[in-house]
Amino acid sequence: MNKLLVAIVTLFPALAYAHQEHGHNLSENISHIFSNPEHVWPLSLGIVLMVVIGAAFSKK
Numbered sequence: 241m242n243k244l245l246v247a248i249v250t251l252f253p254a255l256a257y258a259h260q261e262h263g264h265n266l267s268e269n270i271s272h273i274f275s276n277p278e279h280v281w282p283l284s285l286g287i288v289l290m291v292v293i294g295a296a297f298s299k300k
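Using this note's numbering, the letters of the sequence shown map in sequence onto residues 241 to 300.
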């Protein structure tokens, strides 16, 4: 199970791609990340997956 989790976490960034709207400082990037649907849904999905995985491991 640990090897599978490591493989998923390692390969997940390969699914990301860059686009033009990224800012050059932290405040521009934060506002872009939370206002752009291309970032919001994967971020939300990642948070949900981490909660589900955390809940599954905490019950063991």
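Built from N, CA and C at the ideal position, the CB exists for glycine as well.
Linking asparagine 269 to valine 280 through their CA atoms gives a straight-line distance of about 13 Å. Here the C-alpha atom of alanine 247 lies approximately 19 Å from the C-alpha atom of valine 291. Setting aside the 5 residues that flank it on each side, isoleucine 273 is surrounded in the same chain by His279, each with a C-beta closer than 6 Å to its C-beta; the list follows chain order. Distance between leucine 266 and alanine 295, taken at the CA atoms: about 32 Å.
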